[in-house]
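Trainee:
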Amino acid sequence: MTEQPRIPRTVPRKSATFDDATLAEIRRAAATGIYDIRGGGAKRKLPHFDDLLFLGASMSRYPLEGYREACSTEVVLGDRHAKNPITLRTPITIAGMSFGSLSAQAKEALGRGATLAGTSTTTGDGGMTAEERGHSKTLVYQYLPSRYGMNPEDLRKADAIEVVVGQGAKPGGGGMLLGQKINDRVAQMRTLPKGVDQRSACRHPDWTGPDDLEIKILELREITDWRVPIYIKVGASRPYYDVALSVKAGADVVVLDGMQGGTAATQDVFIEHVGIPTIAAIRPAVQALKDLGMHRKVQLIVSGGVRSGADAAKALALGADAVSIGTAALVALGDNDPRWEADYQALGTTAGAYDDWHEGRDPAGVTTQDPALAARLDPVAGGRRLANYLNVMTLELQTIARACGKSDVRNLEPQDLCALTIEAAAMAGVPLAGTDWTPGR
Amino acid sequence: MSIAAQTLRPNAALDLGAMSLREVNAALKAESEGVFDVLNPGGAHAVACGLNAPVEVHVRGHAGYYAAGMNRLASVTIHGNAGTGVAENMMSGLVRVTGDASQSAGATAHGGMLVIGGDASARCGISMKGVEIVVGGSVGHMSAFMAQAGALAVLGDAGEALGDSLYEARLYVRGAVASLGADCIEKEMRDEHRAQLADMLARAGMDADPSAFRRYGSARKLYNFKIDNAY
Ligand SMILES: Cc1cc2nc3c(=O)[nH]c(=O)nc-3n(C[C@H](O)[C@H](O)[C@H](O)COP(=O)(O)O)c2cc1C
């Protein structure tokens, strides 16, 4: 009996194009007929701060001593027009996140943590709560298209006003807060019926374009007697023009949010496919400021995927004056903490992947209005964790600045950087590591 | 700046031809009561905005954008036309425009009353959150877009897409409505509505019969996120 030759079989091979997540999404869409809504930022891999490295001092540069030599982290924001500019001990600020998307405990913890660390925190698309004003030494008040809870008393209590034109997660989109999170207090603050799925407008109701915005800013300054700085926040899409027009409209500070930036809730397709990565946005924004003679006069705050002092240092080296963090601050409070793994499993997910923030069932009590869940977050302990984390980031930032020989973190410069990939080199406008080649320059 | 600290004579006139906007607004905000004239506004923006006390202000001429913006407690009359966003985000008090108003009149206003003698342009009452608005003439397209609460009465006609994506505000129109926006429907005019409208018209000083108006409001079909609403 002759043995049949064994025919080798192909191993099961999954498609890179139709990967598991793609297949699951097609099935989900086919079953429900509605697009996916979620929180967080872009999950796909994008050119990011990780693709940049610092060169450090050596023969041609002179480093500063690690723990002893002074390296200033202080930053002054909004000294162009305002009587009372903001001075922060660290250039790492807390981004605007709404009460409504976040629990009152989370807002309070953000205020406590920011205050302990000597930085600012920011309201969001839902107005100012007494908890957050009370616990925030420096509070930036957002002025959004929805104007939920907007009133002149709160405006006058703010230390700065941030006119939100867009967000990196969804440039061109408005907010969303689904009915599960609209409890009595949220409904009352936003003048909405309880339990409705609320869509905030994507355009401001009483101005269109930078010429109108200039007049709007005049009004805000008149109402607040020219005391506080006015920021304009834009999602990163056409940063050169958006920043130039923000300056023209009268901004004291421009906040530029890249596509990795988190959101409380929006369509997944928006998060993953609209806007440009953070590192691609910074150089054009800085160029716009320089072309107008406004670099360092109108300050630039960069956000979108900032996680560490290294990320902050890279943003500063590319020309930003400060950074802000959203997602990372929520993680410091306890969001996606593995200690709640059983609860995440019950929601069909796992710690680290939970992004259904719009559903209001957050086991960590951060992105919820459920009193029992929200009670899991102790605002004092949460604030302490956030302060620790901000302090670590600041120390990391100083460590890098000293290694590059800078006595002020804002003296970091593009010449201190190189890139690991051609893409990152082109986007950040720094040479590919080991070469003097900066693609596109 | 010393002017803000000084107390103005009752019935003082503040001349925008001679003083800066900052000086005029600071002077008005420093008062807790009294009647004041603002002369020569010449279309200036942000006139008499952010007032916070029961003063009475008469702007003698046309005002630019955001006149009486964020008003609280004060009574402001613009004897002329008003630009975009008159009385935007008003909290309380009364703002009256004797002529026409441009776009977004009364946008996002939470309370008080806005009276426009003539016509209002597009987006009158956009995102209104509790204000009462009475327009003697007609309103432009997208009026009461995403209006959340309060009431808008229009003695003339309404442009296209009235009340698009409306929440709980009540809309009363005496004339023709070019078209209703998404989720806005005509509703029955009951006694309570006639009474509310009669009261608003009386306070606005408008002579009109409430029973000649039709009422429009939210069908509440967009209140929950459903596939049929998503396009
Ligand atoms: C839960 C949550 C709520 C947010 N709410 C708002 C908001 O109300 N207004 C706003 O301008 N941005 C909002 N953002 C965006 C942040 O201000 C910021 O742009 C973003 O989080 C920065 O990116 P990062 O999350 O990667 O740090 C929110 C973000 C999160 C995560």
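Residue numbers (our numbering), protein chains in the order written: chain W, 1 to 441; chain V, 1 to 231.
Note that the Cβ used here is the ideal one computed from N, Cα and C, for glycine as well.
What does residue 126 of chain V reach in chain W if we use C-beta pairs closer than 8 Å?
Mentor: Locating residue 126 of chain V in the second sequence gives position 126, where the first residue counts as 1. Ordered by position in chain W, the residues that pass the 8 Å Cβ test against residue 126 of chain V are 205, 206.
Trainee: Go to residue 96 of chain V, then tell me how far its beta strand (DSSP E) extends in each direction, as first and last residue.
Mentor: Counting from 1 along the second sequence, the entry for residue 96 of chain V is found at position 96. Here the beta strand (DSSP E) through residue 96 of chain V covers 94-97.
Trainee: Using a beta-carbon distance below 8 Å, is residue 143 of chain V in contact with chain W?
Mentor: What you label residue 143 of chain V is simply residue 143 of the second sequence in a count that begins at 1. For residue 143 of chain V, the answer is no, since every Cβ of chain W falls outside 8 Å of its Cβ.
Trainee: Between residue 327 of chain W and ligand 1, is the CB less than 7 Å from at least one heavy atom?
Mentor: On the first sequence, position 327 is the one that residue 327 of chain W refers to. Yes, the beta carbon of residue 327 of chain W sits closer than 7 Å to at least one heavy atom of ligand 1.
Trainee: Which ranges does the alpha helix (DSSP H) cover as unbroken runs of at least 4 residues, wholly within the stretch 122-168 of chain V, from first to last along the chain?
Mentor: Segments of the alpha helix (DSSP H) lying fully in the stretch 122-168 of chain V: there are none.
Trainee: What does residue 89 of chain V touch in chain W if you count any residue whose Cβ is under 8 Å from its own?
Mentor: The count along the second sequence starts at 1 and reaches residue 89 of chain V at position 89. By Cβ distance, chain W contributes 147, 150, 151, 152.
Trainee: Where residue 101 of chain V and residue 90 of chain V are concerned, what is the direct C-alpha to C-alpha distance, given to the nearest angstrom?
Mentor: Mapped onto the second sequence, residue 101 of chain V falls at position 101. Mapped onto the second sequence, residue 90 of chain V falls at position 90. Roughly 15 Å between the two C-alpha positions.
Trainee: Return no unless some Cβ of chain W is closer than 8 Å to the Cβ of residue 43 of chain V.
Mentor: Taking the second sequence and counting its residues from 1, the one referred to as residue 43 of chain V is at position 43. Judged by the 8 Å Cβ criterion, residue 43 of chain V is not in contact with chain W.
Trainee: For residue 264 of chain W, collect the residues of the same chain with a Cβ closer than 6 Å to its Cβ; drop the 5 residues on either side in sequence, then sort them by chain order.
Mentor: Against the first sequence, residue 264 of chain W aligns to sequence position 264. Counting only Cβ-Cβ distances below 6 Å, and skipping sequence neighbours, we find 39, 101, 357.
Trainee: Would you report the Cα separation of residue 4 of chain V and residue 77 of chain V, rounded to the nearest angstrom?
Mentor: For the purposes of this step, residue 4 of chain V is taken as the residue at position 4 of the second sequence. For the purposes of this step, residue 77 of chain V is taken as the residue at position 77 of the second sequence. Residue placement at residue 4 of chain V cannot be trusted, given a pLDDT of 46 that sits under 50; what the coordinates show is reported in the next sentence. When rounded, the distance between both Cα atoms is 22 Å.
Trainee: So residue 261 of chain W and residue 305 of chain W are supposed to be a Cβ contact under 8 Å. How far apart are they, rounded?
Mentor: One-based indexing of the first sequence puts residue 261 of chain W at position 261. One-based indexing of the first sequence puts residue 305 of chain W at position 305. The pair is a contact, with the Cβ atoms about 7 Å apart (cut-off 8 Å).
Trainee: Give the DSSP bridge partners of residue 198 of chain W, in chain order.
Mentor: Working through the first sequence from its first residue, we reach residue 198 of chain W at position 198. Answer by DSSP bridge pairing, in chain order: W/177.
Trainee: For residue 24 of chain V, which of helix, strand or coil comes out of DSSP?
Mentor: Position 24 of the second sequence holds residue 24 of chain V. If DSSP states are grouped into helix, strand and coil, residue 24 of chain V belongs with the helices.
Trainee: Report the option in W/127, W/153, W/368 whose CA atom is closest to the CA atom of residue 191 of chain W.
Mentor: On the first sequence, residue 191 of chain W is found 191 positions in, with the first residue counted as 1. Selected option, being the one with the closest Cα: W/127.
Trainee: Per DSSP, what kind of secondary structure is residue 37 of chain W in: helix, strand or coil?
Mentor: Within the first sequence, residue 37 of chain W is the residue found at index 37, counting from 1. Correct three-state label for residue 37 of chain W: strand.
Trainee: To which residues of the same chain is residue 2 of chain V closer than 6 Å at the C-beta, ignoring the five residues directly before and after it?
Mentor: Locating residue 2 of chain V in the second sequence gives position 2, counting from the first residue. Because the pLDDT of residue 2 of chain V is 40, which lies under 50, any placement of that residue in the model is unreliable, and the number read from its coordinates should be weighed accordingly. There are no such residues.
Trainee: Suppose the cutoff is 6 Å on Cβ atoms and the five residues either side in sequence are ignored; what does the same chain contact list for residue 12 of chain V look like?
Mentor: Here residue 12 of chain V refers to the residue found at position 12 when the second sequence is read from its first residue. The answer, listed in chain order, is 36.
Trainee: List the residues of chain V that residue 196 of chain W touches, going by C-beta distances under 9 Å, in chain order.
Mentor: Residue 196 of chain W sits at position 196 when you count from the first residue of the first sequence. Within chain V, the residues near residue 196 of chain W are 167, 220, 222, 223, 224.
Trainee: Is it true that the CB of residue 130 of chain W sits closer than 8 Å to the CB of residue 386 of chain W?
Mentor: Position 386 of the first sequence, counted from the start, is the residue given in the question as residue 386 of chain W. Position 130 of the first sequence, counted from the start, is the residue given in the question as residue 130 of chain W. For residue 386 of chain W and residue 130 of chain W, no; Cβs fall outside 8 Å.
Trainee: Taking CB distances under 8 Å as the criterion, tell me whether residue 194 of chain V reaches chain A.
Mentor: Going by chain labels, chain A is absent from the structure shown, which instead holds the protein chains W and V.
Trainee: Kindly list, in the order they appear in chain V, the residues whose Cβ is closer than 7 Å to that of residue 239 of chain W.
Mentor: One-based indexing of the first sequence puts residue 239 of chain W at position 239. Under the 7 Å cutoff, chain V gives no residues; its nearest Cβ is about 27 Å from residue 239 of chain W.
Trainee: Alpha carbon to alpha carbon, how far is residue 429 of chain W from residue 125 of chain V? Give it in angstroms, no decimals.
Mentor: Your numbering for residue 125 of chain V matches position 125 in the second sequence. Your numbering for residue 429 of chain W matches position 429 in the first sequence. Cα-Cα distance, rounded: 47 Å.
Trainee: Could you work out which residue in V/149, V/198, V/74 is closest to residue 55 of chain V when comparing CA atoms only?
Mentor: Position 55 of the second sequence, counted from the first residue, corresponds to residue 55 of chain V. Comparing Cα positions, the closest option is V/74.
Trainee: Ignoring anything shorter than 3 residues or poking outside the stretch 289-349 of chain W, list the beta strand (DSSP E) runs there in chain order.
Mentor: The stretch 289-349 of chain W contains these whole beta strand (DSSP E) runs: 299-303, 322-325.
Trainee: Does any residue of chain V have a CB that is nearer than 8 Å to the CB of residue 179 of chain W?
Mentor: By 1-based counting over the first sequence, the position of residue 179 of chain W is 179. So, interface residue.
Trainee: Starting from the beta carbon of residue 108 of chain V, find every residue of chain W whose beta carbon is closer than 7 Å, and list them in chain order.
Mentor: Working through the second sequence from its first residue, we reach residue 108 of chain V at position 108. Within chain W, the residues near residue 108 of chain V are 147, 150, 205.
Trainee: With 8 Å as the C-beta to C-beta threshold (strictly closer), list the residues of the stretch 64-79 of chain V near chain W in chain order.
Mentor: Within the stretch 64-79 of chain V, the residues whose Cβ lies closer than 8 Å to some Cβ of chain W are 64, 65, 66, 69, 70, 72, listed in chain order.
Trainee: Report whether the distance from the Cβ of residue 101 of chain W to the nearest heavy atom of ligand 1 is below 7 Å.
Mentor: For the purposes of this step, residue 101 of chain W is taken as the residue at position 101 of the first sequence. Yes, Cβ of residue 101 of chain W sits closer than 7 Å to a heavy atom of ligand 1.
Trainee: Nearer than 7 Å: is that true of the beta carbon of residue 233 of chain W relative to any heavy atom of ligand 1?
Mentor: One-based indexing of the first sequence puts residue 233 of chain W at position 233. Yes, Cβ of residue 233 of chain W sits closer than 7 Å to a heavy atom of ligand 1.
Trainee: Using C-beta distances below 7 Å, list every residue in its chain close to residue 133 of chain W, excluding the 5 sequence neighbours before and after it, in chain order.
Mentor: What you label residue 133 of chain W is simply residue 133 of the first sequence in a count that begins at 1. For residue 133 of chain W, where only same-chain residues beyond five positions count, the Cβ hits under 7 Å are 139, 157.
Trainee: Closer than 6 Å by C-beta to residue 84 of chain V: which residues in its own chain qualify, once you throw out the five before and the five after it? Chain order, please.
Mentor: Walking along the second sequence from the start, residue 84 of chain V turns up at place 84. These residues qualify, in order along the chain: 65, 102, 103, 104.
Trainee: Are the C-beta of residue 430 of chain W and some C-beta of chain V separated by less than 8 Å?
Mentor: Against the first sequence, residue 430 of chain W aligns to sequence position 430. Cβ-Cβ to chain V under 8 Å: no for residue 430 of chain W.
Trainee: May I have a chain-ordered list of the beta strand (DSSP E) segments no shorter than 3 residues that lie completely inside the stretch 27-112 of chain W?
Mentor: Those beta strand (DSSP E) runs which fall completely within the stretch 27-112 of chain W and span 3+ residues are 52-54, 75-77, 86-88, 92-94.
Trainee: Just tell me which of V/173, V/59, V/223, V/222 has its CA closest to the CA of residue 211 of chain V.
Mentor: As a first step, residue 211 of chain V is located in the second sequence; it is residue number 211 there, counting from the start. Closest by alpha carbon: V/173.
Trainee: At a CB distance below 9 Å, what residues from the stretch 13-41 of chain V approach chain W? Give them in sequence order.
Mentor: Of all residues in the stretch 13-41 of chain V, 21, 22, 25, 26, 29 have a Cβ within less than 9 Å of some Cβ in chain W.
Trainee: Just checking residue 97 of chain W against ligand 1 - is the residue's beta carbon closer than 7 Å to any of the ligand's heavy atoms?
Mentor: Stepping through the first sequence from its first residue, residue 97 of chain W is reached at position 97. Checking every heavy atom of ligand 1 against the Cβ of residue 97 of chain W, one is found closer than 7 Å.
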